[in-house]
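First the structure, in the form of structure tokens, and then the observations on it.
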Amino acid sequence: MATASGSTRPATTFDITLTINGDTREIAVAPWTTLLDLLRERLDLTGTKKGCDHGQCGACTVLVNGTRVNSCLVLAVMKDGAEITTVEGLAGLAHQKGTNTLHPIQEAFVEHDAFQCGYCTPGQLCSSVGMMNEGHAKSRDEIREAMSGNICRCGAYTNIVDAIEDVMQGDAR
Amino acid sequence: MNRFDYVRAGTVAEAIQAFQADPKARFIAGGTNLVDLMKYDVERPERLIDITRLPLTAIDEHEGGLRIGALATNAAAAYDPRIRERYPILANAILAGASAQLRNAASTGGNLNQRTRCYYFYDTATTCNKREPGSGCPAVGGVNRIHAIFGTSEHCIATHPSDMCVALAALEATVQVSGPEGERSIAFADYHRLPGDDPAKDNTLQPGEIVVSVDLPENGFATNYTYLKLRDRLSYAFALVSVAAVLDLDGDSVKTVRFALGGVAHKPWRNREAEAFLQGKPATRESFRAAADLVVADAEPQSENGFKVELARRAIVRGLEQAAAGTPQSLSDKRIQ
């Protein structure tokens, strides 16, 4: 049987429990499986993107217990018991789960045209929510600094900051 | 990434026992550096000992100062109200480094123990005395714009990449460690080491030892301080040169001063002679220039990083001016005043 990493070598696996976007599941993982690869390759949650795979671009940002981290640098086995929110779960965060209503930050990204190719967007969205949870960034300059771990090679930064400011000011519809 | 075994420790003693059972094992906490190095095959541990469940996340009052648990995340330390109020240079240095995502995962102990970002260290297709002792150092005479100008050896010119540690050096923190031989305290200046003829060793931690806390002394220099970081882009980049400067003033003259440089050596770089020179001197640009000249007199630049000598000289003067004026470098307004 193939392991999570695609190797055919038999793997030592560990049974862990993760609550992902509200669903609690038991999963057997090889210890070298990153949270990013687990989400994408095993659980078909491909909204979370693999960019650099080295913690430099922020495309893989998810929330672990409400805190934003780079899922490419997290070994899944180490997060046994954690609550994970990916971009697929953001809608359920702000509204009644299952209603498929966008999170305010998602609406604001649409409103402000805060993307071009969209590859960095799931990470930008999760990072924005994490940043607002942290509550430290207030000014535009502080938002830019706090979001510097999310690279947008299309250069949509201006509109991304506009979208975040909009939500922080409570103006998003 | 190589295949490895995984064990989870619940206490410091369990973690140390797990290491003694398998001395090739590596401890893992935040993982932001180690997992990255494993992806590059720079690190190939046979077993990881997960220490994230050890009870070392607290930040507590300790002997007039603060004791930062080794597993307090960089974010937890930087935003701790006591650290922000009493040790703002530490908060600022932490927040000048990495990204929010990384600071949320990376631990205090891991920040101390992170490896250099030397290109050759990361590139397993090249030789590197830090990665493979005795194999050679292609950074000497190679691509070395980001490398050290102080305390280098013919065997290694790598820098320590931390911002937090530069502030800890200026604050004269103490590192508490626990290991097979028991507990001990290490003065911050003695924690990291120069490469010499053994660049594989970044620090003085012995096999099986774990950092359990970083202790801050009472004086946090909360009035006259700065962390000034100069880099290729305005955020999320390693320092080319950084300065952590703290001062106590007596009127217009310098009563106590300490300053450490980042991005220029295998450890946070202090020059006691330059600090002693400033004691009792007027806190003026002229004094600071003379002190900076003393520091850079020891510089030995490489083929591509001569610019760091002048950059360090000017950064020291500006950093000391910012500290003396009580106008620390802003983290979000990037203009250097």
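Chains as they are written, first to last, in this note's numbering: chain A, 1092 to 1264; chain B, 4 to 340.
Built from N, CA and C at the ideal position, the CB exists for glycine as well.
Model, not experiment: these values are computed from the prediction.
Residue i, buried or exposed, once every other Cβ within 10 Å from all chains shown has been counted against 16
i: R321 (chain B); result: buried
i: D1128 (chain A); result: buried
i: C1151 (chain A); result: buried
i: L174 (chain B); result: buried
i: F1206 (chain A); result: buried
i: K1170 (chain A); result: buried
i: G1226 (chain A); result: exposed
i: E1117 (chain A); result: exposed
i: D205 (chain B); result: buried
i: F310 (chain B); result: exposed
i: L237 (chain B); result: exposed
i: Y43 (chain B); result: exposed
i: T1115 (chain A); result: exposed
i: N1161 (chain A); result: buried
i: Q104 (chain B); result: buried
i: N1112 (chain A); result: buried
i: S1230 (chain A); result: exposed
i: A94 (chain B); result: buried
i: V1258 (chain A); result: buried
Span of the alpha helix (DSSP H), counted from its first residue to its last, around residue i
i: Q282 (chain B); result: Premise fails: Q282 (chain B) is in no alpha helix (DSSP H) and is neither H nor E.
i: S1218 (chain A); result: T1212 to E1225
i: F1200 (chain A); result: P1195 to E1202
i: A190 (chain B); result: That residue, A190 (chain B), is in no alpha helix (DSSP H); its beta strand (DSSP E) goes G185 to A190.
i: I1234 (chain A); result: R1231 to A1237
i: I1251 (chain A); result: Y1248 to M1259
Helix, strand or coil at residue i [DSSP, three-state]
i: F310 (chain B); result: helix
i: H1186 (chain A); result: Here the model assigns H1186 (chain A) a pLDDT of 49, short of 50, so the residue's position is not dependable and the matter cannot be decided.
i: Q179 (chain B); result: strand
i: F153 (chain B); result: coil
i: C168 (chain B); result: helix
i: L1127 (chain A); result: helix
i: A61 (chain B); result: coil
i: K232 (chain B); result: strand
i: I1242 (chain A); result: coil
i: D1166 (chain A); result: Here the sequence assigns Leu to residue 1166 (chain A), which means Asp is not the residue at that position. Strand.
i: G329 (chain B); result: coil
i: K68 (chain B); result: At residue 68 (chain B) the sequence reads Gly, which differs from the Lys that was named. Residue state, collapsed to three classes: strand.
i: N5 (chain B); result: coil
i: R196 (chain B); result: coil
i: R316 (chain B); result: helix
i: R1133 (chain A); result: helix
i: R273 (chain B); result: strand
i: R338 (chain B); result: coil
Host beta strand (DSSP E) of residue i (start-end)
i: A247 (chain B); result: V244 to D253
i: N1161 (chain A); result: T1158 to N1161
i: V10 (chain B); result: D8 to R11
i: V214 (chain B); result: I213 to L219
i: Y239 (chain B); result: From DSSP, Y239 (chain B) is part of no beta strand (DSSP E); its letter is neither H nor E.
i: I160 (chain B); result: No beta strand (DSSP E) contains I160 (chain B), which DSSP labels as neither H nor E.
i: I1105 (chain A); result: Residue identity differs from the one stated: residue 1105 (chain A) is Phe in this sequence, not Ile. Here the beta strand (DSSP E) through F1105 (chain A) covers F1105 to I1111.
i: D1114 (chain A); result: D1114 to V1120
i: T259 (chain B); result: S256 to G265
i: T1176 (chain A); result: E1174 to T1176
i: T1152 (chain A); result: T1152 to V1155
Any non-hydrogen atom of the ligand HEM within 7 Å of residue i CB
i: A109 (chain B); result: Absence of the ligand HEM is noted for the structure shown, with no ligands found whatsoever.
Partner residues on chain E for residue i, Cβ-Cβ distance less than 8 Å
i: F280 (chain B); result: Absent from the structure: chain E. Protein chains present are A and B.
Positions along the region 1147-1166 of chain A whose CB lies within less than 7 Å of some CB in chain B: G1149, T1152, T1158, R1159, V1160, N1161, L1164, V1165 and L1166
Closer than 7 Å, Cβ to any Cβ of chain B: which residues of the region 1230-1242 of chain A, in chain order? S1230, D1232, E1233, E1236, A1237, S1239 and G1240
Which ranges would you report for the alpha helix (DSSP H) in the region 73-134 of chain B if only whole runs of at least 4 residues count? Annotation: the region 73-134 of chain B contains the following complete segments of the alpha helix (DSSP H) (minimum length 4 residues), in chain order: 77-81, 84-89, 91-98, 103-108, 111-116 and 122-125.
Unbroken stretches of the beta strand (DSSP E), 3 residues or longer, contained in the region 19-57 of chain B: 29-31 and 50-53
Got a sec: which bits of the region 1193-1223 of chain A sit with their beta carbon under 8 Å from any beta carbon on chain B, in order along the chain? Look at the region 1193-1223 of chain A: the residues with a C-beta under 8 Å from a C-beta of chain B are S1218, G1221 and M1222.
At a Cβ cut of 7 Å, what residues of the region 16-38 of chain B count as close to chain A, listed as they run along the chain? So the list reads G34, T35 and V38, given in the order they occur along the chain.
Chain A contacts from the region 95-112 of chain B (Cβ-Cβ distance under 7 Å): S102, A103, Q104, L105, N107 and A108
Which residues, in chain order, does the region 225-258 of chain B contribute to contact with chain A at a C-beta distance below 7 Å? S238 and Y239
Below 7 Å between beta carbons is the criterion; list the residues of the region 1168-1186 of chain A that meet it against any residue of chain B, in chain order. V1168 and M1169
Using a Cβ-Cβ cut-off of less than 9 Å, give me the residues of the region 1124-1144 of chain A that come near chain B, in sequence order. T1125 and D1144
Of the residues that make up the region 49-62 of chain B, which ones have a beta carbon closer than 8 Å to any beta carbon in chain A? From the region 49-62 of chain B, only L51, D53 and T55 have a Cβ closer than 8 Å to chain A.
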